[in-house]
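Asks:
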Amino acid sequence: MTTTEADPTADGPGAVGPHEPGATGEPAEPSGATTSGGPNGTRREQAFAARRAGTRQQIIDAAVSLIADQGFTATSVEDIAAAAGVAKGSVYYNFGSKSDVFEAALTGGLERLTLTLSEARAGLRGKEALAALIASLLEQISAHPDFAKLLAAEVFRVGREWQETVGHIRARVIEFYAAALREERPGADVSLLAASVFGATLVAGLEWLVFQPEREFDEVLAAVLELVTDL
17 MTTTEADPTA DGPGAVGPHE PGATGEPAEP SGATTSGGPN GTRREQAFAA RRAGTRQQII
77 DAAVSLIADQ GFTATSVEDI AAAAGVAKGS VYYNFGSKSD VFEAALTGGL ERLTLTLSEA
137 RAGLRGKEAL AALIASLLEQ ISAHPDFAKL LAAEVFRVGR EWQETVGHIR ARVIEFYAAA
197 LREERPGADV SLLAASVFGA TLVAGLEWLV FQPEREFDEV LAAVLELVTD L
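Residue numbers for the sequence shown, in the working numbering: 17 to 247.
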(Lines of atoms letter the chains of each structure in order from A; the text may use other names.)
(Lines give C-alpha, C1' and ligand atoms only; values in the text may rest on other atoms or scores of the structure.)
Protein backbone atom coordinates (compact mmCIF):
# COMPACT_ATOMS: atom_id res chain seq x y z
CA MET A 17 0.00 0.00 0.00
CA THR A 18 1.32 3.46 -0.91
CA THR A 19 1.46 6.03 1.87
CA THR A 20 1.24 9.78 1.34
CA GLU A 21 3.47 12.13 3.30
CA ALA A 22 1.95 15.22 4.85
CA ASP A 23 2.39 18.38 2.78
CA PRO A 24 4.17 20.94 4.97
CA THR A 25 2.43 23.77 3.12
CA ALA A 26 -1.04 22.27 3.19
CA ASP A 27 -3.96 23.31 5.42
CA GLY A 28 -6.39 21.09 7.21
CA PRO A 29 -6.03 17.64 8.82
CA GLY A 30 -2.63 16.02 8.36
CA ALA A 31 -0.89 19.27 7.49
CA VAL A 32 2.33 20.02 9.26
CA GLY A 33 2.32 23.37 11.06
CA PRO A 34 5.12 25.90 10.54
CA HIS A 35 6.33 25.45 14.12
CA GLU A 36 6.65 21.67 13.93
CA PRO A 37 9.98 19.99 13.12
CA GLY A 38 8.48 18.12 10.16
CA ALA A 39 7.76 21.40 8.38
CA THR A 40 11.17 22.88 8.77
CA GLY A 41 13.85 20.43 7.87
CA GLU A 42 14.83 20.51 11.54
CA PRO A 43 15.83 17.21 13.12
CA ALA A 44 13.02 15.87 15.23
CA GLU A 45 13.70 15.98 18.95
CA PRO A 46 15.04 12.60 20.12
CA SER A 47 12.42 10.24 21.41
CA GLY A 48 12.40 10.31 25.17
CA ALA A 49 14.45 13.51 25.29
CA THR A 50 12.64 14.62 28.41
CA THR A 51 13.63 11.50 30.30
CA SER A 52 17.06 10.36 31.47
CA GLY A 53 17.40 7.65 28.79
CA GLY A 54 20.87 6.65 29.97
CA PRO A 55 24.18 7.73 28.39
CA ASN A 56 23.00 7.13 24.83
CA GLY A 57 19.91 9.24 25.40
CA THR A 58 22.01 12.03 26.87
CA ARG A 59 24.38 12.00 23.89
CA ARG A 60 21.45 12.15 21.48
CA GLU A 61 19.98 15.08 23.38
CA GLN A 62 23.31 16.88 23.34
CA ALA A 63 23.74 16.27 19.61
CA PHE A 64 20.22 17.53 18.94
CA ALA A 65 20.82 20.64 21.05
CA ALA A 66 24.10 21.32 19.24
CA ARG A 67 22.45 20.98 15.81
CA ARG A 68 19.63 23.29 16.81
CA ALA A 69 22.05 25.85 18.25
CA GLY A 70 23.98 25.73 14.99
CA THR A 71 20.83 26.31 12.96
CA ARG A 72 19.79 29.23 15.18
CA GLN A 73 23.19 30.84 14.72
CA GLN A 74 23.00 30.38 10.93
CA ILE A 75 19.65 32.17 10.94
CA ILE A 76 20.91 34.97 13.18
CA ASP A 77 24.04 35.51 11.07
CA ALA A 78 21.97 35.65 7.89
CA ALA A 79 19.51 38.10 9.43
CA VAL A 80 22.27 40.41 10.68
CA SER A 81 23.91 40.53 7.25
CA LEU A 82 20.66 41.15 5.38
CA ILE A 83 19.22 43.71 7.77
CA ALA A 84 22.50 45.63 7.92
CA ASP A 85 22.43 45.80 4.11
CA GLN A 86 18.76 46.49 3.34
CA GLY A 87 17.01 47.31 6.61
CA PHE A 88 14.59 45.46 8.87
CA THR A 89 11.38 46.26 6.96
CA ALA A 90 12.78 45.26 3.56
CA THR A 91 14.09 41.92 4.87
CA SER A 92 11.58 39.06 4.82
CA VAL A 93 11.57 35.72 6.58
CA GLU A 94 11.97 34.15 3.14
CA ASP A 95 15.12 36.22 2.57
CA ILE A 96 16.56 35.14 5.91
CA ALA A 97 15.78 31.47 5.30
CA ALA A 98 17.34 31.53 1.83
CA ALA A 99 20.50 33.25 3.06
CA ALA A 100 20.79 30.83 5.99
CA GLY A 101 20.26 27.81 3.75
CA VAL A 102 17.26 26.55 5.72
CA ALA A 103 13.55 26.11 5.08
CA LYS A 104 11.28 29.06 5.88
CA GLY A 105 9.56 26.93 8.51
CA SER A 106 12.89 26.50 10.29
CA VAL A 107 12.96 30.22 11.05
CA TYR A 108 9.52 30.00 12.68
CA TYR A 109 10.41 26.78 14.48
CA ASN A 110 13.51 28.34 16.04
CA PHE A 111 12.31 31.88 16.66
CA GLY A 112 8.62 32.44 15.99
CA SER A 113 8.91 35.65 13.97
CA LYS A 114 11.28 37.99 12.17
CA SER A 115 11.19 40.32 15.17
CA ASP A 116 12.27 37.46 17.42
CA VAL A 117 15.23 36.74 15.15
CA PHE A 118 16.27 40.38 15.24
CA GLU A 119 15.88 40.63 19.00
CA ALA A 120 18.03 37.52 19.42
CA ALA A 121 20.67 39.02 17.11
CA LEU A 122 20.79 42.30 19.03
CA THR A 123 20.74 40.60 22.41
CA GLY A 124 23.47 38.13 21.49
CA GLY A 125 25.69 40.82 20.02
CA LEU A 126 25.27 43.11 23.02
CA GLU A 127 25.99 40.25 25.42
CA ARG A 128 29.18 39.53 23.47
CA LEU A 129 30.11 43.21 23.69
CA THR A 130 29.40 43.27 27.44
CA LEU A 131 31.74 40.34 28.01
CA THR A 132 34.46 41.91 25.86
CA LEU A 133 34.24 45.25 27.67
CA SER A 134 34.37 43.53 31.05
CA GLU A 135 37.58 41.76 30.05
CA ALA A 136 39.06 44.95 28.56
CA ARG A 137 38.78 47.04 31.71
CA ALA A 138 39.76 44.33 34.18
CA GLY A 139 42.39 45.67 36.60
CA LEU A 140 42.26 49.21 35.15
CA ARG A 141 40.81 52.42 36.55
CA GLY A 142 39.87 55.88 35.37
CA LYS A 143 41.41 57.11 32.12
CA GLU A 144 43.28 53.85 31.53
CA ALA A 145 40.02 51.92 31.82
CA LEU A 146 38.24 54.39 29.54
CA ALA A 147 40.95 54.09 26.87
CA ALA A 148 40.77 50.29 27.06
CA LEU A 149 36.97 50.39 26.69
CA ILE A 150 37.18 52.66 23.65
CA ALA A 151 39.78 50.40 22.02
CA SER A 152 37.70 47.31 22.79
CA LEU A 153 34.57 48.78 21.20
CA LEU A 154 36.51 49.76 18.07
CA GLU A 155 37.90 46.22 17.85
CA GLN A 156 34.38 44.80 18.07
CA ILE A 157 33.16 47.17 15.36
CA SER A 158 36.00 46.01 13.12
CA ALA A 159 35.37 42.33 13.87
CA HIS A 160 31.56 42.52 13.51
CA PRO A 161 30.80 45.36 11.06
CA ASP A 162 27.26 44.26 10.19
CA PHE A 163 26.30 44.04 13.84
CA ALA A 164 27.87 47.46 14.43
CA LYS A 165 25.54 48.95 11.80
CA LEU A 166 22.52 47.39 13.50
CA LEU A 167 23.75 48.60 16.87
CA ALA A 168 24.08 52.18 15.64
CA ALA A 169 20.59 52.04 14.15
CA GLU A 170 18.82 50.43 17.11
CA VAL A 171 20.62 51.08 20.38
CA PHE A 172 19.22 54.62 20.70
CA ARG A 173 15.83 53.89 19.12
CA VAL A 174 12.56 53.65 21.06
CA GLY A 175 9.19 52.10 20.26
CA ARG A 176 10.49 48.75 19.03
CA GLU A 177 9.19 45.38 20.23
CA TRP A 178 12.62 44.52 21.58
CA GLN A 179 13.21 47.91 23.24
CA GLU A 180 12.98 46.66 26.83
CA THR A 181 15.32 43.70 26.30
CA VAL A 182 17.89 45.70 24.36
CA GLY A 183 17.54 48.67 26.73
CA HIS A 184 18.66 46.64 29.73
CA ILE A 185 21.79 45.40 27.97
CA ARG A 186 22.49 48.86 26.51
CA ALA A 187 22.45 50.27 30.03
CA ARG A 188 24.96 47.63 31.14
CA VAL A 189 27.27 48.48 28.22
CA ILE A 190 27.19 52.22 28.92
CA GLU A 191 27.72 51.59 32.64
CA PHE A 192 31.26 50.37 31.86
CA TYR A 193 32.06 53.85 30.55
CA ALA A 194 30.22 55.52 33.40
CA ALA A 195 32.17 53.54 36.00
CA ALA A 196 35.49 54.61 34.48
CA LEU A 197 34.36 58.25 34.35
CA ARG A 198 33.17 58.19 37.98
CA GLU A 199 36.65 57.09 39.00
CA GLU A 200 37.92 60.34 37.46
CA ARG A 201 35.00 62.44 38.70
CA PRO A 202 33.82 61.07 42.05
CA GLY A 203 30.28 62.15 42.89
CA ALA A 204 29.55 63.60 39.44
CA ASP A 205 26.57 62.66 37.29
CA VAL A 206 28.32 61.05 34.34
CA SER A 207 25.37 59.24 32.73
CA LEU A 208 25.10 61.60 29.74
CA LEU A 209 28.85 61.82 29.36
CA ALA A 210 29.18 58.02 29.35
CA ALA A 211 26.52 57.68 26.64
CA SER A 212 28.31 60.39 24.65
CA VAL A 213 31.65 58.56 24.79
CA PHE A 214 29.98 55.30 23.75
CA GLY A 215 28.09 57.00 20.92
CA ALA A 216 31.14 58.91 19.68
CA THR A 217 33.22 55.73 19.58
CA LEU A 218 30.48 53.87 17.72
CA VAL A 219 30.09 56.63 15.12
CA ALA A 220 33.86 56.98 14.67
CA GLY A 221 34.15 53.24 14.15
CA LEU A 222 31.43 53.23 11.50
CA GLU A 223 32.94 56.27 9.78
CA TRP A 224 36.18 54.30 9.60
CA LEU A 225 34.54 51.15 8.22
CA VAL A 226 32.22 52.76 5.71
CA PHE A 227 33.89 55.98 4.53
CA GLN A 228 37.56 55.87 5.58
CA PRO A 229 38.59 52.19 5.47
CA GLU A 230 42.12 53.12 4.44
CA ARG A 231 42.87 54.36 7.96
CA GLU A 232 44.71 52.18 10.46
CA PHE A 233 43.13 51.10 13.73
CA ASP A 234 45.61 53.17 15.75
CA GLU A 235 44.63 56.32 13.83
CA VAL A 236 40.97 55.84 14.65
CA LEU A 237 41.69 55.07 18.28
CA ALA A 238 43.90 58.16 18.59
CA ALA A 239 41.16 60.36 17.12
CA VAL A 240 38.57 59.16 19.63
CA LEU A 241 41.01 59.42 22.54
CA GLU A 242 41.84 62.98 21.51
CA LEU A 243 38.15 63.78 21.54
CA VAL A 244 37.70 62.52 25.10
CA THR A 245 41.14 63.35 26.49
CA ASP A 246 39.89 66.08 28.84
CA LEU A 247 36.96 64.10 30.24
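Here a beta-carbon is modelled for each residue, glycine too, at the ideal position from N, C-alpha and C.
#1: Let me know the beta strand (DSSP E) ranges lying completely inside the segment 144 to 174, each 3 residues or longer, listed in chain order.
#2: If we count the other Cβ atoms within 10 Å of its Cβ and call it buried at 16 or more, is Glu235 buried or exposed?
#3: Is the distance from the Cβ of Val117 to the Cβ of Ile75 below 8 Å?
#4: Sorted by chain position, which residues of the same chain lie with C-beta nearer than 6 Å to Pro161's C-beta, five sequence neighbours on each side aside?
#5: Taking the C-alpha atoms as reference points, what is the distance between Gln86 and Asp77?
#6: Alpha helix (DSSP H) containing Gln179: first to last residue?
#7: For Ala66, which residues in the same chain have their Cβ closer than 6 Å to its Cβ, ignoring the five residues on either side in sequence?
#8: Go ahead and label Val288 buried or exposed: buried means 16 or more other beta carbons lie within 10 angstroms of its beta carbon, across all protein chains shown.
#9: Grab the span of the alpha helix (DSSP H) containing Val206 for me, first residue to last.
#10: Please report the residue range of the alpha helix (DSSP H) in which Arg15 lies.
#11: On the criterion of 16 or more Cβ atoms from any shown chain inside 10 Å, does Ala164 qualify as buried, or is it exposed?
#12: Using the C-alpha atoms, what's the distance from Val189 back to Leu209?
#13: Determine the DSSP secondary structure at Thr71, reduced to helix, strand or coil.
#14: Would you report the Cα separation of Gln228 and Glu155, rounded to the nearest angstrom?
#15: If Ser158 and Leu133 are in contact, beta carbons under 8 Å, what's the gap, nearest whole angstrom?
Replies: Answer, in terms of the structure:
#1: none
#2: exposed
#3: yes
#4: Leu225
#5: 14 Å
#6: 179 to 200
#7: none
#8: Any answer about residue 288 is impossible in this case: the structure gives the chain only from 17 up to 247.
#9: That residue, Val206, is in no alpha helix (DSSP H); it is neither H nor E in DSSP.
#10: Here the chain covers residues 17 to 247 and nothing more, so residue 15 does not appear.
#11: buried
#12: 13 Å
#13: helix
#14: 16 Å
#15: Ser158 to Leu133, Cβ: 15 Å. No contact.
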